[in-house]
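For what it's worth, this note's numbering labels the leading residue of the sequence shown as 127, then goes sequentially. Ideal Cβ placement from N, Cα and C applies to all residues, glycine included. Please read these numbers as outputs of a predicted model, since none were measured by experiment.
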Amino acid sequence: MDQHHITEDIGIALGEAFAKALGDKKGIHRTGYFVFPMDESLSICAVDLSGRSYLKYRMKMAQKKIGDFETINLPNFFAGFVNGARVNLHLVLAYGKDPHHKTEACFKAFGKAMRMACSLDKTLQGIIPSTKGVL
């Protein structure tokens, strides 16, 4: 298998695991966001665990590789995750220079935004966070 498919499949598997773990999503915040500074890089992430897949990914990477990893495959991970988890994800690298810092800022902002969205909201005990009553 090539890096493209491995990276995408990891995203899909992780996304499906999140979807399964969250179940009906009762009591969670549903949305999350985070701005993460990593040295000279700054990343912004917003996520909605809406059940609707959408990815807006904006990260320019001039360097073709970080170690053995081909940077062209970064969006494939997030596309796989979005499709596996059925979430709306916006991930933007505002600026940065070092490819490692840029990538790390994006993944950390993503992780923190997901943590916020998945965390329990005490005001929503047993309630699905949607006006329709279903996600």
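- Counting the other Cβ atoms within 10 Å of the Cβ of L219 gives 16 or more, which makes it buried.
- N199 and F233 have their C-alpha atoms spaced approximately 14 Å apart.
- Ranked by Cα distance from F144, the options E230, P163, S169, L175 are led by L175.
- For D135, the enclosing alpha helix (DSSP H) stretches over residues 129-148.
- When C-alpha distances from V208 are compared across A172, T229, H227, the shortest belongs to A172.
- Annotation for H216: the continuous beta strand (DSSP E) segment containing it runs 214-221.
- A distance below 8 Å between beta-carbons, with the five flanking residues on each side excluded, links F204 to the following residues of its chain, in chain order: G137, L181, Y183, L215, L217, F236.
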